[in-house]
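Student:
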Amino acid sequence: MKSDEMSTTQLGGVIHTYQHYDPTNIPSPSATSPDLVSPAFEHMLEFGNMRDLTEEELARAIKLDIRQITGLGPSLESLRKMLLERIQKILATYETKKVVEEAKRSFTKLANNTHPPEELKSAFKKGVEEEQIRDLERLWYQAGGEKSRFARQLVQLVDRLGDKYQIDELASKYTFTGRKPLSIDDALAVKEELETIERLLKQLDEAAKTAQIAVIDFSELSKYADEEQLEGLQAMQRQVEEMVRQLAEQQGLEKTKKGYQLSPKAYRIFQGRLLEQIFSQLQESRTGRHQGPIQGEGAVEMPVTKEYEFGDAVSQMDIPQSLVNAMIRNPSGPLQMRSEDIVIHRTRNNPKCATAVLMDMSGSMRQDGQYMNVKRMALAMDGLIRREYPGDFLQFIEMATFAKPRHCSEVAALMPKTVTIFDPVVRLRADMSREDISESDIPPHFTNIQHALQMGRQFLSAQDTPNRQLILITDGLPTAHFEGSHLYLLYPSDPLTEEATMREALLCEREGIVINIFLLPSWSQTREDVRFARRLAETTKGRVFFTAGNDLDRFVVWDYVNRRKSIVG
Numbered sequence: 002m003k004s005d006e007m008s009t010t011q012l013g014g015v016i017h018t019y020q021h022y023d024p025t026n027i028p029s030p031s032a033t034s035p036d037l038v039s040p041a042f043e044h045m046l047e048f049g050n051m052r053d054l055t056e057e058e059l060a061r062a063i064k065l066d067i068r069q070i071t072g073l074g075p076s077l078e079s080l081r082k083m084l085l086e087r088i089q090k091i092l093a094t095y096e097t098k099k100v101v102e103e104a105k106r107s108f109t110k111l112a113n114n115t116h117p118p119e120e121l122k123s124a125f126k127k128g129v130e131e132e133q134i135r136d137l138e139r140l141w142y143q144a145g146g147e148k149s150r151f152a153r154q155l156v157q158l159v160d161r162l163g164d165k166y167q168i169d170e171l172a173s174k175y176t177f178t179g180r181k182p183l184s185i186d187d188a189l190a191v192k193e194e195l196e197t198i199e200r201l202l203k204q205l206d207e208a209a210k211t212a213q214i215a216v217i218d219f220s221e222l223s224k225y226a227d228e229e230q231l232e233g234l235q236a237m238q239r240q241v242e243e244m245v246r247q248l249a250e251q252q253g254l255e256k257t258k259k260g261y262q263l264s265p266k267a268y269r270i271f272q273g274r275l276l277e278q279i280f281s282q283l284q285e286s287r288t289g290r291h292q293g294p295i296q297g298e299g300a301v302e303m304p305v306t307k308e309y310e311f312g313d314a315v316s317q318m319d320i321p322q323s324l325v326n327a328m329i330r331n332p333s334g335p336l337q338m339r340s341e342d343i344v345i346h347r348t349r350n351n352p353k354c355a356t357a358v359l360m361d362m363s364g365s366m367r368q369d370g371q372y373m374n375v376k377r378m379a380l381a382m383d384g385l386i387r388r389e390y391p392g393d394f395l396q397f398i399e400m401a402t403f404a405k406p407r408h409c410s411e412v413a414a415l416m417p418k419t420v421t422i423f424d425p426v427v428r429l430r431a432d433m434s435r436e437d438i439s440e441s442d443i444p445p446h447f448t449n450i451q452h453a454l455q456m457g458r459q460f461l462s463a464q465d466t467p468n469r470q471l472i473l474i475t476d477g478l479p480t481a482h483f484e485g486s487h488l489y490l491l492y493p494s495d496p497l498t499e500e501a502t503m504r505e506a507l508l509c510e511r512e513g514i515v516i517n518i519f520l521l522p523s524w525s526q527t528r529e530d531v532r533f534a535r536r537l538a539e540t541t542k543g544r545v546f547f548t549a550g551n552d553l554d555r556f557v558v559w560d561y562v563n564r565r566k567s568i569v570g
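Residue numbering for the sequence shown follows the working numbering, beginning at 2 and increasing consecutively.
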């Protein structure tokens with residue numbers, strides 16, 4: 002009886018034990034692919050081109066999951082333990098007290114055998130006592146360079162002091178517990194080896210986080226790892242490179258001889274990710290702000306219906322409900338529809354907006370990388386309108402000394418202009434109608450808001466909509482303007498430039514164009530910059546937004562959506 006009970010309660014068969022199995026850390030087969038497009042775009046936004054973005058740099062920029070590379074984690078960990086053991090062995094072998102004293106004696110002895118000229122003795126003595134390489138290097142120039150015997154002695158003394166620096170750093174940075182003394186040359190070699198191992202450990206740690214094996218210096222690692230370990234890592238590196246190549250192809254990065262090019266597909270992916278990031282924050286903090294659409298004659302059909310009235314478009318008729326009404330009115334007779342049976346879908350108006358974005362690319366926009374935030378905003382705006390408002394008009398205008406229209410495909414490559422004049426006060430005038438003067442002859446880094454407003458007004462005047470706005474993104478006052486064919490470059494900003502800019506703003510107001518200004522922070526910004534921005538916006542009943550550069554894309558897109566919704570609703 003007992004044996005029967007035992008047979009029914011005991012477990013049988015083979016029990017498999019899975020060591021180091023963590024079900025929460027196994028990557029899902031449907032996990033999203035690593036993002037290659039965003040690092041490529043960030044590179045282009047910062048440098049303006051893709052010439053330097055090689056396969057290795059792109060691989061370093063992205064973040065891969067180390068668990069996707071079979072055996073990579075254990076391989077890196079074994080190499081890491083091997084290097085740590087090498088460090089411990091070195092520290093347990095040597096001591097540094099004697100070599101520190103030897104380095105000091107060597108420097109002092111050479112200094113005592115160096116004989117400076119009478120006029121340099123005091124400075125030489127101070128440099129030796131304080132052990133300052135910088136002071137000794139200055140003496141070398143005062144001594145007349147290599148022609149002087151004292152200068153040649155100084156070169157040797159500086160080298161000896163540099164060795165002393167290195168050995169002092171070795172003794173203070175590492176804790177040696179051994180008994181074997183070191184010579185000066187041996188101590189320098191040990192320091193170099195320890196620093197090499199530390200660099201390799203950092204590279205292994207980075208590779209363990211991002212699966213980027215390319216960051217590891219294989220030539221240095223070959224001094225400590227065996228051939229089999231290196232071949233295994235190199236095979237995994239080729240696997241990562243192939244994965245990156247396939248992902249680049251899937252995400253629209255086209256490989257050329259010069260590097261990677263961004264295809265239209267890559268633009269759409271990056272814009273979509275920008276909008277997802279922007280609107281995910283918008284939904285979390287701005288829910289409930291948008292009003293409902295107005296009802297009236299329009300193209301967008303709504304589920305709400307109303308009774309038919311004379312003049313309503315029959316194309317908006319709710320056919321099923323109208324047939325039901327006719328059958329209810331006369332259930333037994335033949336189906337005959339009358340006007341009172343017909344119901345019409347209500348519609349909403351979906352008006353068109355026209356926007357010109359004036360992007361400041363003057364020399365000051367290089368500060369704190371503000372130009373990158375402006376370009377990121379422009380790409381987000383373009384993605385928003387293509388996705389949500391395909392009927393809207395959007396024009397980008399680059400603004401510096403001259404204003405230039407730019408297609409969306411050119412935005413990512415724009416860069417702030419190089420500063421060519423460093424005088425504290427600039428007062429220049431150029432007659433651009435002269436044949437011997439071209440734009441290349443003019444300093445490019447000034448801020449011509451007037452010219453940009455004029456170009457934006459010309460673009461918007463041709464659009465058949467009353468909803469037109471200029472979005473001006475800048476960090477300060479205008480410093481350039483046109484009067485006829487004459488171009489004035491005036492820094493600091495002059496009342497003449499401000500008046501010319503305000504006249505152009507009045508022309509925009511006369512044509513019903515609103516100017517909205519996004520004022521970026523700048524180290525040189527003053528209250529006068531803020532006052533001018535307010536005056537310029539108030540002229541056209543626009544608004545001024547004070548933003549931190551990193552949030553510029555979010556502010557601009559939110560405002561565009563709010564303005565767009567206010568027109569609709």
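All residues carry an ideal CB built from backbone N, CA and C; glycine is no exception.
According to DSSP, simplified to helix, strand and coil, what is ILE422?
Tutor: If DSSP states are grouped into helix, strand and coil, ILE422 belongs with coil.
Student: If VAL1 sits next to ARG347, beta carbons under 8 Å apart, how far is it from one beta carbon to the other, in whole angstroms?
Tutor: Missing from the structure shown is residue 1; the chain here goes from 2 to 570 and no further.
Student: By alpha-carbon positions, which one of SER494, ILE422, ALA414, GLU505 ends up nearest to GLU484?
Tutor: Out of SER494, ILE422, ALA414, GLU505, GLU505 has the C-alpha closest to the C-alpha of GLU484.
Student: Which same chain residues end up closer than 8 Å to VAL426 when comparing Cβ atoms and leaving out the 5 residues on each side of it in sequence?
Tutor: Excluding sequence neighbours, VAL426 sits near TYR492, PRO493.
Student: Along the chain, where does the alpha helix (DSSP H) containing PRO496 start, and where does it finish?
Tutor: Per DSSP, PRO496 belongs to the alpha helix (DSSP H) from 496 to 511.
Student: Given the structure, does ARG153 come close to the ligand HEM, in the sense that its CB is under 8 Å from one of the ligand's heavy atoms?
Tutor: Ligands displayed in this structure: none; no statement on the ligand HEM is therefore possible.
Student: Just curious, the alpha helix (DSSP H) that TYR142 is in, first and last residue?
Tutor: Where TYR142 is concerned, the enclosing alpha helix (DSSP H) stretches over 134 to 143.
Student: Please state the DSSP three-state secondary structure of ILE514.
Tutor: ILE514 falls in the strand class under three-state DSSP.
Student: Bridge partners of THR356, per DSSP?
Tutor: The partner list for THR356 (beta bridge, DSSP) reads LEU395, GLN470.
Student: Classify HIS452 as helix, strand or coil using the three-state DSSP reduction.
Tutor: Reduced to three states, the DSSP call for HIS452 is helix.
Student: What whole-angstrom Cβ distance do GLY384 and HIS446 have, given they're in contact under 8 Å?
Tutor: Not confirmed; about 29 Å, so no contact.
Student: For the putative contact between THR402 and GLN451, defined by C-beta atoms under 8 Å, what is the C-beta separation to the nearest angstrom?
Tutor: 11 Å between Cβ atoms; not a contact.
Student: Where does PHE546 fall in DSSP's three states?
Tutor: DSSP places PHE546 in strand when its eight states are reduced to three.
Student: Taking the continuous alpha helix (DSSP H) assigned at PHE177, which residues delimit it?
Tutor: Premise fails: PHE177 is in no alpha helix (DSSP H) and is neither H nor E.
Student: Per DSSP, what kind of secondary structure is THR109 in: helix, strand or coil?
Tutor: If DSSP states are grouped into helix, strand and coil, THR109 belongs with the helices.
Student: Since HIS482 sits in a beta bridge, which residues does DSSP pair it with?
Tutor: Paired residues: TYR489.
Student: So what does DSSP say about ILE217, is it helix, strand or coil?
Tutor: Three-state result, ILE217: coil.
Student: Quick check on this structure: which residue in ALA534, GLU512, GLU510 has the alpha carbon closest to the alpha carbon of LEU520?
Tutor: The option with the nearest alpha carbon to LEU520 is ALA534.
Student: Check whether the stretch 386 to 394 touches the stretch 318 to 337, counting contact only when three or more Cβ pairs, one atom from each stretch, lie closer than 8 Å.
Tutor: Result no; under three Cβ-Cβ pairs closer than 8 Å.
Student: Which whole-angstrom value is the C-beta distance of TYR309 and VAL344, which I expect to be below 8 Å?
Tutor: Contact holds; Cβ gap of about 7 Å.
Student: Can you have a look at PRO1 and say buried or exposed, based on whether 16 or more other CB atoms are within 10 angstroms of its CB?
Tutor: Nothing about residue 1 can be reported from this structure: the residues present for the chain run from 2 to 570 only.
Student: Is there contact here, the stretch 353 to 361 with the stretch 315 to 327, by at least three beta-carbon pairs under 8 Å?
Tutor: Cβ pair count under 8 Å is below three, so no.
Student: Spell out a yes or no on whether the stretch 180 to 189 and the stretch 134 to 151 are touching, meaning 3 or more CB-CB pairs, one atom from each, closer than 8 Å.
Tutor: These segments do not touch.
Student: For GLY392, which option in MET328, GLN464, ASP206 has the closest C-alpha, if you only look at C-alpha atoms?
Tutor: That would be GLN464, whose Cα lies nearest to the Cα of GLY392.
Student: Can you tell me where the beta strand (DSSP E) holding LYS405 begins and where it ends?
Tutor: From DSSP, the beta strand (DSSP E) with LYS405 extends over 404 to 407.
Student: Hey, how far is the Cα of LYS405 from the Cα of ARG153?
Tutor: Roughly 59 Å separates the two Cα atoms.
Student: Please return the same chain residues whose Cβ sits closer than 7 Å to the Cβ of MET328, not counting the five positions on each side in sequence.
Tutor: Result list for MET328: LEU336, in chain order.
Student: Provide the residue span of the alpha helix (DSSP H) that contains VAL375, from first to last.
Tutor: Unbroken alpha helix (DSSP H) run through VAL375: 371 to 389.
Student: Going straight from the alpha carbon of GLU207 to that of GLN371, what length do you get?
Tutor: Using only the alpha carbons, I get a separation of about 29 Å.
Student: Only counting the same chain, and skipping five residues up and downstream in sequence, which positions put a Cβ closer than 6 Å to that of THR498?
Tutor: Here the set comprises PRO479, HIS482, LEU491.
Student: Please classify ARG367: does DSSP put it in a helix, a strand, or coil?
Tutor: Three-state DSSP puts ARG367 in a helix.
Student: May I ask which residues mark the beginning and end of the beta strand (DSSP E) holding LEU324?
Tutor: Taken as a continuous stretch (DSSP letters only), LEU324 belongs to no beta strand (DSSP E), being part of the alpha helix (DSSP H) at 320 to 330.
Student: By DSSP, does MET400 sit in helix, in strand, or in coil?
Tutor: Note: MET400 maps to strand in three-state DSSP.
Student: Got a sec? Which residues, its chain only, sit under 6 Å from PRO444 by beta carbon, not counting five neighbours each side?
Tutor: Answer for PRO444: THR421, ILE422, listed in chain order.
Student: Quick one: residues in its chain with C-beta nearer than 6 Å to the C-beta of LEU111, no 5 flanking neighbours on either side, listed in chain order?
Tutor: If we look at LEU111 and ignore the five residues flanking it on each side, its Cβ neighbours are LEU158, ARG161.
Student: Looking at the strands, I want to know which residues DSSP matches up with GLU529.
Tutor: Answer is none; GLU529 lacks a bridge partner.
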